[in-house]
Amino acid sequence: MSYIALVDCNSFFVSCERVFRPELWKRPVVVLSNNDGCVVARSRDVKKFIPMGAPYFKYKELLDRMGVVVCSSNYELYSDLSSRVMETIASLTDALEIYSIDEAFLRLDREEEAIAIRKKVLQWTGIPTSIGIAKNKTLAKVANHIAKDKGSGVKMLIDKEEISSHLKTLPVEEIWGIGRRLGTRLRALGASTALEFREMSETKLRGSLGVVPLRTALELRGETAFELEEHPEPKQGVVSSRSFGRPVTTWEEMEEAIALHAGKAAAKIRDDGSQATYLQVFLLTNRFNPLEATYSRVASGALPGPTDFTPALVQKAKSLAKPLFYKNVSYKKCGVFLGGLVPRKTVQEDLFIDRSRREKEEKLMALLDEEPRLFFLSEGIKRGWKMKRDHTSSQYTTSWDYLLTIKI
DNA sequence: TCTGGGGTCCTAGGACCC
DNA sequence: TCTGGGGTCCTAGGACCC
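Be aware that the first sequence starts at 376, since it is given in our numbering, and climbs by one per residue.
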């Protein structure tokens, strides 16, 4: 008999910070999102009084009063430690699905294997984990919560009676795949616990909620509806977006931000070895501002052919964004999505672009990717709309002193 | 003053075809 | 006067995840 296990790193971003600052193991710690906007990771003791995703400005005083150490996020560090954790797990199992930066599903036969994995990950990376084991992914999630709550590290949830008794006390919205909206609808339908949800009829679930919640309910009954995906499909698209440090009201600034995001997204797909055939831009106002109606616009279009060439993508992004931009509107955020990705190798030669021009473009992009201080002037020099935090981490694009001059 | 960013999957509805 | 029905593809939007 084989089981599904979920390995989940405990307070992952916090643990990453602690690995490099061991004195923090004894302190309560939170990690903030970009722009120091939200609390995105909390040490165990902080979870009791700070909700996940809490806006930092609302909790700043409380955090200070409680003596909580506050860290800005360092995604490069987290993603590097994540790779190490995943490599460690991979070395101890054959069937692994990396589900997120801090979680992995795997197949195993015995609880001892999980205990060994947990020990090895801690020993090799310094990151503590919790492991839930059950018949399928959804129940492994439930088991994982139990392991976390009890602090025991590993929880095997197989016995039917035991499963039922846990589901009886589990609120519907805490089930993996059931969020706030579905939770509200389920409660209206008379299911407020996982057990009540599991016992709803299939036709009712399918008819009023759709196939995903139905699959979730089937898993709670012990069936398998979500397979272990060891070889995930390539990404559908990449997005670069960010909130502004202050409201943006002029097209000149918006244009710079759009260009910057198009450039960042382009760099990502080049790094992945793919090219885009479809581009989307979006502009948003601040949805929390009660004085103004929320304004959110999207525009998209096909590219003339698969490309990863920054200037072509920037031009397309700007031309799509321009008609969306209204004067007298304060924008909060914008972004660029590149989709319809195809592997670079299989892209056919475009007969209308001569070879030497293509080679020049490739050289220019290679140069751009090698040298972080290089950027296109269309992305702006001053960037008054950028978040303040970003200025501290990279000066290359924000100070004249770091500018390079090159001739092409 | 200050509320993240990057993804996935599903559904509904329109366009188009026969 | 009467205005089909089924399939496919595309896109926008909703809901969820971490």
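By construction, the Cβ of each residue, glycine as well, lies at the ideal position given by its N, Cα and C atoms. Being a predicted model, the structure only gives us computed values, none of them experimental.
- For T685, the uninterrupted alpha helix (DSSP H) segment begins and ends at T685 to A696.
- Judged by DSSP secondary structure, P588 falls within the alpha helix (DSSP H) whose first and last residues are V586 to L595.
- If only complete runs of 3 or more residues are kept, the region 460-514 shows the beta strand (DSSP E) at 471-475, 478-483 and 504-509, in order along the chain.
- Y431 is bridged by DSSP to nothing; it lacks a bridge partner.
- Sequence-distant Cβ neighbours of V460 in its own chain, meaning closer than 7 Å and more than five residues away, are C384, V496, T500 and I502.
- In the assembly as shown, G585 is an exposed residue. Its beta-carbon has fewer than 16 other beta-carbons within 10 Å.
- For C709, the pairing in a beta bridge is given by DSSP as R617 and L658.
- Put simply, the region 438-446 does not touch the region 471-480. Fewer than three CB pairs are less than 8 Å apart.
- Between the C-alpha atoms of K702 and A489 there is a straight-line separation of about 58 Å.
- In this structure T591 does not touch G620 by the C-beta definition: roughly 40 Å separates them, more than the 8 Å allowed.
- Within the region 515-558, the complete beta strand (DSSP E) runs of at least 3 residues fall at 529-531.
- Rounded to the nearest whole angstrom, the CA to CA distance from Y653 to L542 is 44 Å.
- Where L739 is concerned, the enclosing alpha helix (DSSP H) starts and stops at R730 to E745.
- Taking one beta carbon from each stretch, the region 687-702 and the region 625-633 have 3 or more pairs nearer than 8 Å; the two touch.
- Sequence-distant partners of T669 (beyond 5 residues in either direction) whose C-beta falls short of 6 Å from its own C-beta, in its chain, are T660 and R662.
- Beta-bridge pairing by DSSP links L381 to F480 and G507.
- Taking a contact as a CB-CB distance under 8 Å, the pair G528 and N519 does not count as one, their CB atoms being some 11 Å apart.
- The three-state secondary structure of L407, taken from DSSP, is strand.
- In this structure, G554 lies away from G714, with their beta-carbon atoms at least 8 Å apart.
- The alpha-carbon separation between L743 and S475 amounts to approximately 29 Å.
- Take the alpha-carbon of A640 and the one of K510: they are about 39 Å apart.
- Within its own chain, the residues whose Cβ lies closer than 7 Å to the Cβ of K707, once the five positions on either side in sequence are excluded, are S618, F619, P622, L659, T660 and N661, listed in chain order.
- DSSP, reduced to helix, strand and coil, places S458 within a helical segment of the structure shown.
- Each residue's CA atom was taken as its position, placing S386 and R733 some 47 Å apart.
- For G680, the enclosing beta strand (DSSP E) has its first and last residue at S671 to T682.
- Using a 10 angstroms sphere on the CB of F395, the tally of other CB atoms stays under 16, which defines it as exposed.
- The bridge partners DSSP lists for Q650 are V717.
- Excluding five sequence positions before and after G648, the CB atoms of its chain that fall closer than 7 Å to its own CB belong to P718 and R719, given in chain order.
- Per DSSP, S447 is one residue of the beta strand (DSSP E) stretching across V444 to S447.
- In the DSSP assignment, R573 falls within the unbroken alpha helix (DSSP H) covering A569 to R573.
- As the crow flies, the alpha-carbon of D439 is around 45 Å from that of S675.
- By the neighbour-count definition (other C-beta atoms within 10 Å, threshold 16), K494 is an exposed residue.
- Beta-carbon to beta-carbon, A634 and S753 are separated by about 4 Å, close enough to satisfy the 8 Å threshold.
- With contacts defined by Cβ atoms closer than 8 Å, Y453 and C391 form a contacting pair.
- Boundaries of the alpha helix (DSSP H) around V389: F387 to F395.
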